[in-house]
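In full-length UniProt numbering, the protein residues as written are 1 to 320.
Glycine is no exception: its CB is placed at the ideal position from the N, C-alpha and C atoms.
Note that the structure is a prediction, hence the values are computed from the model and not measured.
Okay, structure first, notes after.
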(Lines of atoms letter the chains of each structure in order from A and count residues from 1; the text may use other names and numbers.)
(Lines give C-alpha, C1' and ligand atoms only; values in the text may rest on other atoms or scores of the structure.)
Protein backbone atom coordinates (compact mmCIF):
# COMPACT_ATOMS: atom_id res chain seq x y z
CA UNK A 1 0.00 0.00 0.00
CA UNK A 2 2.83 2.40 0.88
CA UNK A 3 4.50 1.61 -2.43
CA UNK A 4 1.34 2.53 -4.35
CA UNK A 5 1.10 5.80 -2.45
CA UNK A 6 4.73 6.59 -3.25
CA UNK A 7 4.14 5.89 -6.96
CA UNK A 8 1.14 8.22 -7.01
CA UNK A 9 3.14 11.00 -5.33
CA UNK A 10 6.01 10.55 -7.80
CA UNK A 11 3.64 10.73 -10.79
CA UNK A 12 1.89 13.84 -9.42
CA UNK A 13 5.27 15.47 -8.78
CA UNK A 14 6.35 14.66 -12.34
CA UNK A 15 3.13 16.20 -13.65
CA UNK A 16 3.79 19.40 -11.68
CA UNK A 17 7.35 19.59 -13.05
CA UNK A 18 6.03 19.18 -16.59
CA UNK A 19 3.51 21.93 -15.91
CA UNK A 20 6.26 24.31 -14.77
CA UNK A 21 8.38 23.43 -17.82
CA UNK A 22 5.43 24.04 -20.13
CA UNK A 23 4.66 27.43 -18.54
CA UNK A 24 8.10 28.91 -17.87
CA UNK A 25 10.70 27.04 -19.92
CA UNK A 26 9.47 25.45 -23.12
CA UNK A 27 5.78 25.62 -24.01
CA UNK A 28 5.04 22.59 -26.14
CA UNK A 29 1.97 20.59 -27.06
CA UNK A 30 3.64 17.21 -26.49
CA UNK A 31 4.83 18.25 -23.04
CA UNK A 32 1.30 19.40 -22.24
CA UNK A 33 -0.19 16.08 -23.42
CA UNK A 34 2.39 14.18 -21.37
CA UNK A 35 1.40 16.34 -18.39
CA UNK A 36 -2.28 15.50 -18.88
CA UNK A 37 -1.47 11.80 -19.30
CA UNK A 38 0.60 11.73 -16.10
CA UNK A 39 -2.15 13.56 -14.22
CA UNK A 40 -4.75 11.10 -15.55
CA UNK A 41 -2.60 8.12 -14.55
CA UNK A 42 -2.05 9.45 -11.02
CA UNK A 43 -5.75 10.29 -10.62
CA UNK A 44 -6.88 6.83 -11.74
CA UNK A 45 -4.35 5.14 -9.43
CA UNK A 46 -5.49 7.34 -6.55
CA UNK A 47 -9.13 6.52 -7.30
CA UNK A 48 -8.41 2.78 -7.35
CA UNK A 49 -6.52 3.07 -4.05
CA UNK A 50 -9.39 4.95 -2.38
CA UNK A 51 -12.00 2.46 -3.62
CA UNK A 52 -9.95 -0.57 -2.56
CA UNK A 53 -8.79 0.66 0.86
CA UNK A 54 -11.68 2.82 2.07
CA UNK A 55 -14.71 1.19 0.45
CA UNK A 56 -14.10 -2.44 -0.51
CA UNK A 57 -11.74 -3.41 2.31
CA UNK A 58 -13.99 -1.90 4.99
CA UNK A 59 -17.39 -2.83 3.57
CA UNK A 60 -16.74 -6.30 2.08
CA UNK A 61 -16.09 -8.95 4.74
CA UNK A 62 -16.03 -11.96 2.41
CA UNK A 63 -12.45 -12.24 1.11
CA UNK A 64 -13.56 -13.94 -2.12
CA UNK A 65 -15.97 -11.10 -2.95
CA UNK A 66 -13.35 -8.52 -1.99
CA UNK A 67 -10.75 -10.09 -4.27
CA UNK A 68 -13.18 -10.33 -7.23
CA UNK A 69 -14.38 -6.74 -6.84
CA UNK A 70 -10.80 -5.53 -6.50
CA UNK A 71 -9.96 -7.22 -9.81
CA UNK A 72 -13.04 -5.70 -11.46
CA UNK A 73 -12.09 -2.21 -10.26
CA UNK A 74 -8.58 -2.63 -11.69
CA UNK A 75 -9.94 -3.74 -15.07
CA UNK A 76 -12.45 -0.89 -15.32
CA UNK A 77 -9.82 1.63 -14.21
CA UNK A 78 -7.40 0.41 -16.88
CA UNK A 79 -10.05 0.76 -19.60
CA UNK A 80 -10.95 4.27 -18.42
CA UNK A 81 -7.29 5.30 -18.36
CA UNK A 82 -6.73 3.94 -21.86
CA UNK A 83 -9.73 5.88 -23.19
CA UNK A 84 -8.56 9.12 -21.51
CA UNK A 85 -5.03 8.83 -22.90
CA UNK A 86 -6.39 8.21 -26.41
CA UNK A 87 -8.60 11.27 -26.02
CA UNK A 88 -5.65 13.40 -24.89
CA UNK A 89 -3.38 12.50 -27.78
CA UNK A 90 -6.00 12.32 -30.55
CA UNK A 91 -7.87 15.62 -30.92
CA UNK A 92 -10.07 14.83 -33.92
CA UNK A 93 -13.11 12.84 -32.74
CA UNK A 94 -13.61 11.19 -36.11
CA UNK A 95 -9.96 10.19 -36.21
CA UNK A 96 -10.30 8.90 -32.65
CA UNK A 97 -13.27 6.68 -33.53
CA UNK A 98 -11.52 5.52 -36.68
CA UNK A 99 -8.40 4.72 -34.64
CA UNK A 100 -10.49 2.72 -32.15
CA UNK A 101 -12.08 0.79 -35.00
CA UNK A 102 -8.79 0.03 -36.72
CA UNK A 103 -7.17 -1.05 -33.46
CA UNK A 104 -10.07 -3.33 -32.52
CA UNK A 105 -10.19 -4.86 -36.00
CA UNK A 106 -6.44 -5.42 -36.02
CA UNK A 107 -6.49 -7.04 -32.60
CA UNK A 108 -9.46 -9.22 -33.51
CA UNK A 109 -7.78 -10.52 -36.67
CA UNK A 110 -4.12 -10.84 -35.72
CA UNK A 111 -4.52 -11.65 -32.02
CA UNK A 112 -7.64 -13.77 -31.99
CA UNK A 113 -6.56 -16.02 -29.13
CA UNK A 114 -5.41 -13.13 -26.95
CA UNK A 115 -8.59 -11.20 -27.72
CA UNK A 116 -10.64 -14.29 -26.86
CA UNK A 117 -8.77 -14.67 -23.56
CA UNK A 118 -9.37 -10.99 -22.77
CA UNK A 119 -13.11 -11.25 -23.45
CA UNK A 120 -13.21 -14.45 -21.39
CA UNK A 121 -11.50 -12.68 -18.48
CA UNK A 122 -13.97 -9.79 -18.61
CA UNK A 123 -16.93 -12.21 -18.69
CA UNK A 124 -15.58 -14.13 -15.68
CA UNK A 125 -15.24 -10.94 -13.63
CA UNK A 126 -18.53 -9.37 -14.73
CA UNK A 127 -20.72 -12.50 -14.74
CA UNK A 128 -19.02 -14.13 -11.71
CA UNK A 129 -18.88 -17.53 -13.39
CA UNK A 130 -16.52 -18.51 -10.59
CA UNK A 131 -14.53 -16.80 -7.87
CA UNK A 132 -11.19 -17.20 -6.17
CA UNK A 133 -11.38 -20.27 -3.92
CA UNK A 134 -13.95 -22.12 -6.05
CA UNK A 135 -13.24 -25.66 -7.19
CA UNK A 136 -13.90 -25.86 -10.92
CA UNK A 137 -13.34 -28.14 -13.88
CA UNK A 138 -12.83 -26.82 -17.40
CA UNK A 139 -11.57 -28.65 -20.46
CA UNK A 140 -10.79 -31.71 -18.33
CA UNK A 141 -8.68 -29.73 -15.82
CA UNK A 142 -9.85 -29.66 -12.20
CA UNK A 143 -8.46 -27.36 -9.53
CA UNK A 144 -8.99 -24.72 -6.86
CA UNK A 145 -8.95 -21.19 -8.29
CA UNK A 146 -6.01 -19.17 -6.91
CA UNK A 147 -6.13 -16.11 -9.15
CA UNK A 148 -8.34 -14.69 -11.89
CA UNK A 149 -6.43 -12.52 -14.34
CA UNK A 150 -7.51 -10.69 -17.46
CA UNK A 151 -5.92 -13.28 -19.75
CA UNK A 152 -5.50 -16.40 -17.59
CA UNK A 153 -6.87 -18.16 -14.55
CA UNK A 154 -4.43 -19.82 -12.15
CA UNK A 155 -5.46 -23.00 -10.33
CA UNK A 156 -3.95 -25.51 -7.92
CA UNK A 157 -4.56 -28.80 -9.71
CA UNK A 158 -6.69 -31.51 -8.12
CA UNK A 159 -5.92 -35.00 -9.40
CA UNK A 160 -8.57 -37.69 -9.76
CA UNK A 161 -11.62 -35.91 -8.36
CA UNK A 162 -13.99 -38.54 -6.97
CA UNK A 163 -11.33 -41.21 -6.48
CA UNK A 164 -8.37 -39.47 -4.90
CA UNK A 165 -9.15 -35.77 -4.97
CA UNK A 166 -5.84 -34.62 -3.59
CA UNK A 167 -3.80 -31.59 -4.59
CA UNK A 168 -1.16 -32.64 -7.10
CA UNK A 169 1.04 -29.67 -6.22
CA UNK A 170 1.06 -28.44 -9.80
CA UNK A 171 -0.06 -24.90 -10.56
CA UNK A 172 -2.08 -24.77 -13.77
CA UNK A 173 -2.56 -21.66 -15.90
CA UNK A 174 -5.73 -21.87 -17.98
CA UNK A 175 -6.45 -19.35 -20.79
CA UNK A 176 -9.72 -17.55 -20.07
CA UNK A 177 -10.77 -18.06 -23.69
CA UNK A 178 -11.53 -21.71 -22.87
CA UNK A 179 -14.55 -20.51 -20.90
CA UNK A 180 -16.19 -19.25 -24.10
CA UNK A 181 -15.94 -22.59 -25.92
CA UNK A 182 -16.00 -25.23 -23.15
CA UNK A 183 -18.39 -26.35 -20.46
CA UNK A 184 -17.50 -25.06 -17.00
CA UNK A 185 -18.20 -27.26 -13.96
CA UNK A 186 -18.27 -25.40 -10.65
CA UNK A 187 -18.30 -27.71 -7.63
CA UNK A 188 -18.65 -24.96 -5.04
CA UNK A 189 -21.00 -22.38 -6.54
CA UNK A 190 -24.06 -21.77 -4.33
CA UNK A 191 -23.34 -24.97 -2.35
CA UNK A 192 -20.45 -27.28 -1.40
CA UNK A 193 -22.01 -30.73 -1.69
CA UNK A 194 -21.79 -33.60 -4.18
CA UNK A 195 -23.25 -37.09 -4.33
CA UNK A 196 -20.92 -40.06 -4.20
CA UNK A 197 -21.41 -43.83 -4.21
CA UNK A 198 -19.51 -46.94 -3.11
CA UNK A 199 -20.16 -50.25 -4.88
CA UNK A 200 -20.00 -53.32 -2.61
CA UNK A 201 -20.19 -56.78 -4.30
CA UNK A 202 -21.85 -59.37 -2.01
CA UNK A 203 -22.35 -63.10 -2.67
CA UNK A 204 -25.83 -64.48 -3.34
CA UNK A 205 -25.72 -66.71 -0.25
CA UNK A 206 -25.24 -63.72 2.09
CA UNK A 207 -27.95 -62.31 4.34
CA UNK A 208 -29.32 -59.67 1.95
CA UNK A 209 -31.70 -57.76 4.30
CA UNK A 210 -29.02 -57.60 7.01
CA UNK A 211 -26.43 -56.39 4.50
CA UNK A 212 -28.68 -53.58 3.29
CA UNK A 213 -29.51 -52.51 6.85
CA UNK A 214 -25.90 -52.44 8.05
CA UNK A 215 -24.56 -50.66 4.96
CA UNK A 216 -27.21 -47.96 5.37
CA UNK A 217 -26.31 -47.47 9.03
CA UNK A 218 -22.59 -47.33 8.23
CA UNK A 219 -23.06 -44.52 5.71
CA UNK A 220 -25.53 -42.68 7.97
CA UNK A 221 -23.03 -42.57 10.82
CA UNK A 222 -20.62 -40.54 8.68
CA UNK A 223 -23.02 -38.38 6.65
CA UNK A 224 -26.16 -37.80 8.76
CA UNK A 225 -25.19 -34.28 9.86
CA UNK A 226 -23.91 -33.34 6.40
CA UNK A 227 -27.10 -34.54 4.68
CA UNK A 228 -29.22 -32.31 6.94
CA UNK A 229 -27.05 -29.27 6.16
CA UNK A 230 -27.16 -30.10 2.46
CA UNK A 231 -30.96 -30.28 2.54
CA UNK A 232 -31.11 -26.75 3.98
CA UNK A 233 -28.70 -25.48 1.31
CA UNK A 234 -30.73 -27.01 -1.51
CA UNK A 235 -33.90 -25.44 -0.12
CA UNK A 236 -32.20 -22.03 -0.32
CA UNK A 237 -31.05 -22.73 -3.88
CA UNK A 238 -34.63 -23.72 -4.75
CA UNK A 239 -35.70 -20.17 -3.95
CA UNK A 240 -33.09 -18.79 -6.36
CA UNK A 241 -33.38 -21.28 -9.24
CA UNK A 242 -35.94 -23.79 -10.41
CA UNK A 243 -34.79 -26.86 -8.51
CA UNK A 244 -37.18 -29.71 -7.65
CA UNK A 245 -36.65 -31.13 -4.18
CA UNK A 246 -33.67 -33.47 -4.08
CA UNK A 247 -33.38 -36.24 -1.46
CA UNK A 248 -30.16 -35.90 0.52
CA UNK A 249 -30.61 -38.95 2.75
CA UNK A 250 -28.32 -41.95 2.38
CA UNK A 251 -29.73 -44.77 0.27
CA UNK A 252 -28.74 -48.30 -0.77
CA UNK A 253 -29.58 -49.60 -4.24
CA UNK A 254 -29.38 -53.27 -5.26
CA UNK A 255 -28.33 -54.51 -8.69
CA UNK A 256 -28.22 -58.19 -9.69
CA UNK A 257 -25.30 -59.43 -11.79
CA UNK A 258 -24.19 -62.84 -13.07
CA UNK A 259 -21.61 -63.25 -10.31
CA UNK A 260 -22.82 -61.28 -7.28
CA UNK A 261 -25.24 -58.73 -5.90
CA UNK A 262 -24.09 -55.13 -6.18
CA UNK A 263 -25.00 -52.87 -3.27
CA UNK A 264 -24.61 -49.22 -4.26
CA UNK A 265 -24.26 -47.10 -1.13
CA UNK A 266 -25.19 -43.58 -2.21
CA UNK A 267 -24.61 -40.59 0.06
CA UNK A 268 -23.94 -36.85 -0.02
CA UNK A 269 -20.76 -35.21 1.25
CA UNK A 270 -18.78 -31.98 1.11
CA UNK A 271 -16.81 -31.72 -2.12
CA UNK A 272 -13.53 -30.98 -0.35
CA UNK A 273 -14.00 -33.98 1.96
CA UNK A 274 -15.05 -36.46 -0.71
CA UNK A 275 -12.05 -38.77 -0.41
CA UNK A 276 -12.02 -38.57 3.40
CA UNK A 277 -15.73 -39.45 3.61
CA UNK A 278 -15.31 -42.33 1.16
CA UNK A 279 -12.41 -43.65 3.24
CA UNK A 280 -14.38 -43.51 6.51
CA UNK A 281 -17.42 -45.26 5.05
CA UNK A 282 -15.25 -47.90 3.36
CA UNK A 283 -13.61 -48.70 6.70
CA UNK A 284 -17.04 -49.02 8.31
CA UNK A 285 -18.10 -51.43 5.57
CA UNK A 286 -14.95 -53.54 6.00
CA UNK A 287 -15.70 -53.77 9.73
CA UNK A 288 -19.24 -54.94 9.01
CA UNK A 289 -18.05 -57.68 6.65
CA UNK A 290 -15.37 -58.79 9.10
CA UNK A 291 -17.77 -58.97 12.08
CA UNK A 292 -20.69 -60.74 10.32
CA UNK A 293 -20.30 -64.26 8.99
CA UNK A 294 -23.61 -63.91 7.13
CA UNK A 295 -22.14 -61.24 4.87
CA UNK A 296 -19.52 -62.30 2.35
CA UNK A 297 -17.66 -60.10 -0.08
CA UNK A 298 -17.72 -61.40 -3.67
CA UNK A 299 -14.95 -61.65 -6.22
CA UNK A 300 -14.31 -63.01 -9.68
CA UNK A 301 -14.65 -66.82 -9.72
CA UNK A 302 -15.01 -69.64 -12.24
CA UNK A 303 -17.37 -72.58 -11.61
CA UNK A 304 -17.07 -75.85 -13.56
CA UNK A 305 -20.02 -78.26 -13.80
CA UNK A 306 -20.01 -81.88 -14.96
CA UNK A 307 -17.15 -84.37 -15.02
CA UNK A 308 -13.81 -83.12 -16.26
CA UNK A 309 -10.47 -84.87 -16.52
CA UNK A 310 -7.64 -82.75 -15.22
CA UNK A 311 -4.13 -83.79 -16.23
CA UNK A 312 -1.06 -82.20 -14.71
CA UNK A 313 2.09 -82.49 -16.74
CA UNK A 314 5.38 -82.04 -14.94
CA UNK A 315 8.30 -81.24 -17.16
CA UNK A 316 11.72 -82.04 -15.76
CA UNK A 317 14.66 -80.12 -17.07
CA UNK A 318 18.09 -81.57 -16.52
CA UNK A 319 21.20 -79.46 -16.48
CA UNK A 320 24.45 -81.02 -17.66
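Just to confirm, are residue 139 and residue 182 a CB contact at a threshold of 8 Å? Result yes, Cβ atoms of residue 139 and residue 182 sit closer than 8 Å.
Is the beta carbon of residue 71 sitting closer than 8 Å to the one on residue 56? No, they are not a contact pair.
Among 40, 31, 131, 6, which residue has its Cα nearest to the Cα of residue 66? Of 40, 31, 131, 6, the residue nearest in Cα terms is 131.
How many angstroms separate the CA atom of residue 7 from the CA atom of residue 46? The straight-line gap from Cα to Cα measures roughly 10 Å.
From the DSSP secondary-structure annotation, give me the bridge partner or partners of residue 171. Beta-bridge pairing links residue 171 to 156.
Separation of residue 249 from residue 261, as counted between CA atoms: So the alpha carbons of these two residues sit roughly 22 Å apart.
Starting from residue 193, trace the beta strand (DSSP E) in both directions and tell me its first and last residue. Where residue 193 is concerned, the enclosing beta strand (DSSP E) stretches over 193-202.
Beta-carbon contacts of residue 74 that lie in its chain and below 8 Å, excluding the five residues immediately before and after: Excluding positions up to five away in sequence, the list reads 48.
From what residue to what residue does the beta strand (DSSP E) around residue 143 run? For residue 143, the enclosing beta strand (DSSP E) starts and ends at 141-148.
For residue 206, count neighbouring C-beta atoms within 10 Å of its own C-beta (all shown protein chains included) and say buried if the count is 16 or more, exposed if not. By the Cβ neighbour-count rule, residue 206 is buried, with 16 or more other Cβ atoms within 10 Å of its own.
Beta-carbon proximity check, residue 184 vs residue 273, cutoff 8 Å: A distance of 8 Å or more separates the beta carbons of residue 184 and residue 273.
Rounded separation between residue 270 and residue 158 - CA only: C-alpha of residue 270 to C-alpha of residue 158: approximately 15 Å in a straight line.
Own chain residues within Cβ distance below 6 Å of residue 328, not counting five before or after: Residue 328 lies beyond the stretch modelled for the chain, which goes from 1 to 320, so this question has no answer here.
Residues in its own chain within less than 7 Å of residue 251 by CB, not counting five upstream and five downstream? Closer than 7 Å at the Cβ level, and outside the excluded window around residue 251, lie 266.
Got a sec? Which residues, its chain only, sit under 7 Å from residue 298 by beta carbon, not counting five neighbours each side? 201, 202, 203, 259, 260, listed in sequence order.
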